[in-house]
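Working notes, structure below.
If you want it as structure tokens, here you go:
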């Protein structure tokens, strides 16, 4: 398979998978096999692109000539390669997990779920491999629309409301700001292709650059910069595999990925640091990451806490991009990967706890470590990675981000990153501590009952989630550790775009 | 004097405005159509007076006549009249049907009966 | 040999088939005749557009009287394109007609429906291709009169009143137009559009010409339902039979937009219309007002058809906005939107027809659980709705893209912002329906699958597919629209 | 209606003349004032007079619904058909000169046929309108 074919295949394979899933919807086993096979094929296809890109090639492919001068075209560059690899790789894991989760919780409309999932992955591939801004925009929108049914999966009033927030913010920012930014770019630069060094470089003055950057940064609502982060916690109503996809891999990462890509290929790092147009964005990102961390501490619902944690972590990436230094960009790119693995582990664990024990509030989780030791261990690993402690992958991305801040002579952001890491510890580790060290809390009503002793009896034993849930979360937890040791591969890839 | 010399325009404008006024101000559907007719008639008069050439005769070839009025506006307006008749007929038949369906042809009463769907 | 007569035949065939339908009487036969002739007209329109795009403008002298004395049919990139839209929608809607007409009008009166439909089609095509100002009036009235009839065929008694209101306002519009033509004739002594265009520049300062300009613009604006002259439209579209709404919404206002374009740019010339008389700002203001007020009103509608009708008014705002920019890009956007909007509104209103066929209501509450009951219809609505919003890979996106681009190129920032903001309003009203259809359970007694018959679904989906196709591969439409825009601005090669 | 003896007699007398006059206006149209529009209205007025005096039901028996409807359609077809014949004979649409070998004769022929179509349609339409309104509400 030539690289061009592989690119097209990366977008079309999940789509074909979606069709097959829809057809095979009546037979759950077949349907899930199709999902898994599609995921594996996709990963293989994406993997086949790696050697060429690692060697410095930039495979391209044109899907279709949409508008004169702006085709739907793809070009694989290191950042996109990395993103595509993460998304497709984690899809396999998530598929396995969702099979366990959906069956374990006996969810309705499972076929729609898997179909939308596959379409969302196809869109993610499109975003990752997009060769120009229009293609990026098209797949970005497709991603929003295809994840909407996933968010509102439960179909009750609460999820409808959340879905409205989700769609409202994402669509209105993308059409209202991003599209304008793209068109403005087109008017100024006369092209929408991504080029290293930036297509806007040298064509705009400082104020205009800052305005354009603002349009992009807020237009890409998926990056969840405050105050446009509301959709992310709202989308928590989705089933957990969706949250994992949404908040760890495809959707949010697509957002920050777009921001990094725009900074690198539309503005150009040198140009941005020269004009200083991105300075305001650094402050916004820093504020977001601190405030979101603080908000996360106040949340008792585990998924809500993780969601705010995601908001915070996304701003690391945005901050890295806004620093407009090569270390910063490398850190940002790396953080996309590191956080993806860490956060997906955490979400898997949250889902596993829900599936096994039907608990969603952190205050209810005292002592569950004895019932679900594997899950909680994985949670600890994921948490450590997100916090950025060795020997987890997360340490590297924070390392480079701080280096970037130093390089940009913005020591205040070094402090912000440090404080935020402390806050991470404060909101992630208490759960692990409670789970392992506190005795199981006995509901008051139950304690008062005479038969309390007998009814509590089953809680003592191991009650892990179904094996199909457990295996994926172990895999991703191990991945977090593996990334600590293999971070040099990612570094080598990213160094191509932003050699320090 | 020049103002009065163009008396045909004054007539046209007077007719036009009265017709227009009737269409707007009258609530009776039939009266509205009458107003519409007057409105259209003013345009017909306008076209016909436009075709007149001073001293010209009817545009039928005849011995010893040099100057004819311009026949084209007349032809045009014949078509416009036919269109006007068709409009009137259609409008009136709609009024008849409205009367059958609502039992009234007064606009304000029709408005009240705006049944909710 | 016949090919030379295509310009005339395109109009004449539907016009002649109309009385044949009266003679045929039977619903089935009349339908077959109408179907055949509408598809022939479609084919002819396609061939003519191809010929015009390659070989330049075509002229056809009706009755053998050479222009400017006789009536000329003149086709250039602009009207060949519009004619193709009209004919295409006319043909596709005809496929859809029999079942829907049977349900909503009744087979005993069906042949009258087909007659009026063909007259309307002929009238609209006639307006589009004629090169004579008075002839345009005649065709305009043919199409208008037949559309009053078509609207009054609706089942609801309010359809009658809606048709009456439309008749009054439509006739006023047409009469204003007639006055304008009269004044032009008085000033120039010609009715031929091309001839007028040649003679008018010398007469720029004649008061009569300016008055004529005013009458023509207002008259045509009434016909195209430019805000605030849109009052006839919502009721007419809401209570007309579904087929009629789909056909009129997709064609009638578009043809009026074309006529306005023709007068503003070809006859009076952009110089006169936008420099001597500054028409740009007022048109832009009205267009923006239309975009916002109509979209906001649409959000609060309970009747989905009425909601779409208000959305049409907003969309007309986009077209007029493109005109008011007076650049090739702006005009391209307008003409593209004429085409794309025909596709999307056609698809949406046909989907409404499918809903009405089964549920006998288009009230939003009755849409609950539609996705379960009529999955294909609901999906078609989503497709059309996405295009209406302007989601990428749909036709609507392409026209929005060009429109925003045109605004940016004139450095009209606020306008560009207003365009995108107003398209967000479309998200709200489309999504209200989608949510109702997909995420509400159907009423307990109607929880069965009852998809509309295929003969309704297929034409609907043809239009939905066209929305997607022309959103993905916009090369064809953009180049045709671009050429049309250049023709209008007189910079064609 | 039996007591309107004078009316009935005079109407009976007048109607043939009205029709005759209608025909005159019809076929004299290409030389003098006249033509299909006027002739059609005059012709139809004969029927309307008949209906007014003798009652709509009687008049409807003379000019039944289907006949009126056919008349409307037929007139239009004659008009348009002539145009098509012109095309078949090698001219443009409605180019009467092509109808006959001699252009002048062709023009005469063309205008006569066309006006005939117009006349038939106009007469039928007038009758249809009259019957439509008169037949309502009974």
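Protein chains in written order, with my numbering: chain A, -6 to 493; chain B, -8 to 108; chain C, -14 to 478; chain D, 394 to 531. The beta carbon of each residue, even a glycine, is placed where N, CA and C say it ideally should be.
| Item | Value |
| --- | --- |
| Residue 56 of chain A in three-state terms, based on DSSP | strand |
| Residue from A/403, A/285, A/362 with nearest C-alpha to residue 321 of chain A | A/403 |
| Cβ contact check for the stretch 163 to 175 of chain C and the stretch 127 to 144 of chain C: 3 or more pairs under 8 Å | no |
| Through-space distance from residue 416 of chain A to residue 223 of chain A, alpha-carbon basis | 20 Å |
| Touch test, the stretch 451 to 464 of chain C against the stretch 411 to 427 of chain D, Cβ-Cβ under 8 Å, three pairs minimum | no |
| Cutoff 7 Å; reference residue 441 of chain A; Cβ partners in own chain excluding five residues on either side | Since pLDDT at residue 441 of chain A reaches only 49, below the 50 mark, its modelled position is unreliable, and no value is offered. |
| Option nearest residue -5 of chain A by Cα separation, candidates A/181, A/328, A/53 | A/53 |
| Chain D residues whose Cβ lies nearer than 7 Å to that of residue 53 of chain B | Ordered by position in chain D, no residue passes the 7 Å Cβ test against residue 53 of chain B, which lies about 11 Å from the chain. |
| Residues that residue 517 of chain D contacts on chain C, provided the C-beta gap is smaller than 7 Å | None at all; the shortest Cβ gap to chain C is about 11 Å. |
| Chain-ordered neighbours of residue 108 of chain C on chain B, where CB pairs are closer than 9 Å | Those do not exist, as residue 108 of chain C stays about 11 Å from chain B at its closest Cβ, beyond 9 Å. |
| Residue 388 of chain C beta carbon less than 9 Å from that of residue 322 of chain C | yes |
| Beta-carbon contacts of residue 300 of chain C that lie in its chain and below 6 Å, excluding the five residues immediately before and after | 326 |
| C-beta atoms of residue 335 of chain A and residue 458 of chain A nearer than 9 Å | no |
| Cβ neighbours of residue 249 of chain A in the same chain (closer than 7 Å, five flanking residues each side left out) | 216, 307, 310, 311, 329 |
| Member of A/17, A/342, A/389, A/157 whose CA lies at the smallest distance from the CA of residue 464 of chain A | A/342 |
| Expected contact under 8 Å - CB spacing of residue 7 of chain C and residue 96 of chain C to nearest Å | 7 Å |
| N-terminal and C-terminal residue of the beta strand (DSSP E) that residue 58 of chain C is part of | 57 to 60 |
| Min CB distance residue 130 of chain A to chain C below 9 Å | yes |
| Stretch pair the stretch -4 to 10 of chain A + the stretch 118 to 137 of chain A: three plus CB contacts closer than 8 Å | yes |
| Chain A residues whose Cβ lies nearer than 8 Å to that of residue 390 of chain C | 176, 179, 180 |
| Contact with chain C by residue 109 of chain B, beta-carbon distance below 9 Å | Since the first residue shown for chain B is -8 and the last is 108, residue 109 of chain B is missing from the structure and cannot be characterised. |
| Classification of residue 478 of chain C by the beta-carbon crowding that lies within 10 angstroms, buried from 16 upward | Reliability fails at residue 478 of chain C, whose pLDDT of 40 lies under 50, so the model's placement of it is uncertain and the value that follows must be treated cautiously. It counts as exposed. |
| Residue 216 of chain C, DSSP secondary structure in three states | coil |
| Short CB-CB distance (under 9 Å) between residue 366 of chain C and chain A | no |
| Beta carbon proximity, residue 100 of chain A to chain C, threshold 9 Å | no |
| Residues that DSSP places opposite residue 48 of chain B in a beta bridge | B/59 |
| C-beta atoms of residue 65 of chain A and residue -1 of chain A nearer than 9 Å | no |
| Contacting residues, own chain, Cβ-Cβ under 7 Å from residue 567 of chain A (five flanking each side not counted) | With chain A covering only -6 through 493, there is no way to say anything about residue 567 of chain A. |
| Segment contact flag, the stretch 184 to 201 of chain A with the stretch 274 to 282 of chain A, C-beta cutoff 8 Å, min 3 pairs | no |
| Local Cβ density within 10 Å of residue 520 of chain D, reported as buried at 16 or more and exposed below that | buried |
| Close beta carbons around residue 412 of chain C, own chain, < 7 Å, minus the five adjacent residues each side | 374 |
| Contact set for residue 68 of chain C: own chain, Cβ-Cβ below 8 Å, skip 5 residues either direction | -5, 30, 33, 34, 60, 110, 113, 114 |
| Assigned secondary structure, residue 446 of chain A (DSSP; H/G/I helix, E/B strand, else coil) | For residue 446 of chain A, the predicted structure reports a pLDDT of 45, less than 50, and the residue's modelled location is therefore unreliable. A value from the coordinates is still provided. Correct three-state label for residue 446 of chain A: helix. |
| Beta-carbon gap between residue 203 of chain C and residue 158 of chain C smaller than 9 Å | yes |
| Residue interval of the alpha helix (DSSP H) (run including residue 44 of chain A) | 21 to 47 |
| Chain-ordered neighbours of residue 142 of chain C on chain B, where CB pairs are closer than 7 Å | 92, 93 |
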